[in-house]
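The structure under discussion appears below in the form of structure tokens.
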Amino acid sequence: MLIECDSSSLVVHLDAGVTILGTVPSLVKAWKSSQCMEGLDWTKIKTFGSTRETSNVDDDLWLSSKSYYKPIIESCGGTELASCYIIGSKLQPQAFGAFSTSSMTTGLVILDENGVPYPEDASCVAEVGLFSFYMGASDRLLNADHEEVYFKGMPIYEGKVLRRHGDIIKRTVGGYLIVHLVCTS
-4 MLIECDSSSL VVHLDAGVTI LGTVPSLVKA WKSSQCMEGL DWTKIKTFGS
46 TRETSNVDDD LWLSSKSYYK PIIESCGGTE LASCYIIGSK LQPQAFGAFS
96 TSSMTTGLVI LDENGVPYPE DASCVAEVGL FSFYMGASDR LLNADHEEVY
146 FKGMPIYEGK VLRRHGDIIK RTVGGYLIVH LVCTS
């Protein structure tokens, strides 16, 4: 996807003294590669937010360096959830391109190839399963069978059927979560 770099809207935000700036990783990549944001004063930014797609560590480092290494709070979710299910938190150490915790209303497990959850402290790479009662999550689809898309074939965990999201998640030794593959239905 080609994104044209136009610094005019960012200049307006920076000139207004914005302290929290939301971004999208593909936009940051375009800013970095085109160098169209060079010379702008980013020093009032205290925190960046990033969502919609998987971030790149090098691009996050470049962005953070523009504001004297302020944090980038990542979030990952989906329209069907009406929110994010994993997020970065300023209450925890952060790592570029990674998430530090599940969001406040979310319960999740990472499932092995047999649908059995890995221990919470185990490093692993596999599909994420969400607890089925998720505040804000959809309960019907317009063009598909909701039960079949999100619940069919999902294992039972603590007496409840898990909800499919489709993402492949890596949990690192330090407990950070990295989205390896975003599956959209």
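Residue numbers (this note's numbering): -4 to 180. Positions of the beta carbon are idealized from the N, C-alpha and C atoms, including for glycine. Note that this is a predicted model, so its numbers are computed, not measured.
Asked: Helix, strand or coil, according to DSSP, for residue 48 in the structure here?; Found: coil
Asked: Should residue 173 be flagged as near chain B, meaning a C-beta pair shorter than 8 Å?; Found: The chain inventory of the structure shown lacks chain B, comprising one protein chain alone.
Asked: In whole angstroms, give me the CA-to-CA distance for residue 172 and residue 121.; Found: 11 Å
Asked: Select from 86, 124, 117, 14 the residue whose C-alpha is nearest the C-alpha of residue 102.; Found: 124
Asked: Taking Cβ to Cβ, would you say residue 135 is nearer than 8 Å to residue 149?; Found: no
Asked: Going along the chain, which residues of its own chain have a beta-carbon closer than 8 Å to the beta-carbon of residue 15, five neighbours each way excluded?; Found: 40, 41, 42, 43, 44
Asked: Excluding the five sequence neighbours on either side, which residues of its own chain have a C-beta within less than 6 Å of the C-beta of residue 75, listed in chain order?; Found: 133
Asked: What's the gap between the Cα of residue 145 and the Cα of residue 151?; Found: 13 Å
Asked: Which two residues bound the contiguous beta strand (DSSP E) that contains residue 24?; Found: Careful: residue 24 lies outside any beta strand (DSSP E), inside the alpha helix (DSSP H) at 20 to 29.
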